[in-house]
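To keep things clear, I will list the structure first and then write my remarks on it.
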């Protein structure tokens with residue numbers, strides 16, 4: 001008798017929940033259908049607004065999908081170091097060497113911090129190691145507001161799969177600007 005009662009209760013529970021489950025998905029499908037029809041009707045009425053919205057959504061979608069993460073930042077830095085190793089040291093651009101040296105030193109000191117902001121990434125240098133917990137690094141009365149210090153210390157911006165400051169530092173990476181060439185004389 002007890003098993004019949006339990007099985008009927010369980011069966012009734014799943015019957016009720018099954019109807020609710022199916023009803024939920026039917027209602028959701030109807031809602032999306034009505035919304036899609038409304039979007040199409042509005043696009044016919046205001047085509048430029050639809051085009052602008054589509055372009056903005058496409059650009060934001062592309063920016064989101066190609067936003068460089070921390071791992072890709074480290075990979076890009078390694079590839080750039082490898083690229084520099086193929087060029088003789090006497091031909092290195094000084095600004096490229098300085099940029100690589102700064103990033104390497106900050107990385108070794110654990111003072112580089114990566115922020116992924118969905119559509120773009122920021123590479124920020126910190127005044128102290130991110131693990132340091134001594135008093136003057138933690139006291140809000142001594143330090144500036146975290147947003148101010150972050151904006152002041154932005155090293156690079158990554159968007160669309162590229163780190164722009166690092167790329168700019170690698171323009172003519174194999175040309176030493178300080179190298180003196182003899183003047184050509186034409187006769």
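In the UniProt record's numbering, the protein residues as written are 1 to 187.
Where is the CB? At the ideal position from N, CA and C, for every residue including glycine.
This structure is a prediction, so every number in the text was calculated from the model and none was measured.
With 16 other Cβ atoms within 10 Å as the buried cut-off, status of residue i
i, result
"residue 99", "buried"
"residue 89", "exposed"
"residue 168", "exposed"
"residue 145", "exposed"
"residue 78", "exposed"
"residue 48", "exposed"
"residue 117", "exposed"
"residue 163", "buried"
"residue 96", "buried"
"residue 140", "exposed"
"residue 80", "buried"
"residue 166", "buried"
Bridge-paired residues (DSSP) for residue i
i, result
"residue 163", "158"
"residue 125", "112"
Unbroken beta strand (DSSP E) run spanning residue i, endpoints
i, result
"residue 113", "112-116"
Unbroken alpha helix (DSSP H) run spanning residue i, endpoints
i, result
"residue 85", "70-85"
"residue 56", "47-65"
"residue 145", "Where residue 145 is concerned, there is no enclosing alpha helix (DSSP H), given that its DSSP letter is neither H nor E."
Presumed contact (8 Å Cβ cut-off) between residue i and residue j, rounded CB distance
i, j, result
"residue 172", "residue 85", "Actually they are not in contact, since the Cβ atoms of residue 172 and residue 85 sit about 17 Å apart, beyond 8 Å."
"residue 170", "residue 66", "With a Cβ gap of about 19 Å, residue 170 and residue 66 do not count as contacting."
"residue 122", "residue 157", "6 Å"
"residue 124", "residue 155", "6 Å"
"residue 126", "residue 103", "Residue 126 to residue 103, Cβ: 13 Å. No contact."
"residue 52", "residue 119", "No, residue 52 and residue 119 are not in contact; Cβ-Cβ is about 18 Å, not under 8 Å."
"residue 91", "residue 176", "5 Å"
"residue 50", "residue 43", "4 Å"
Residue-chain proximity (residue i, chain B), Cβ-Cβ < 8 Å
i, result
"residue 126", "Absent from the structure is chain B; it holds one protein chain and no more."
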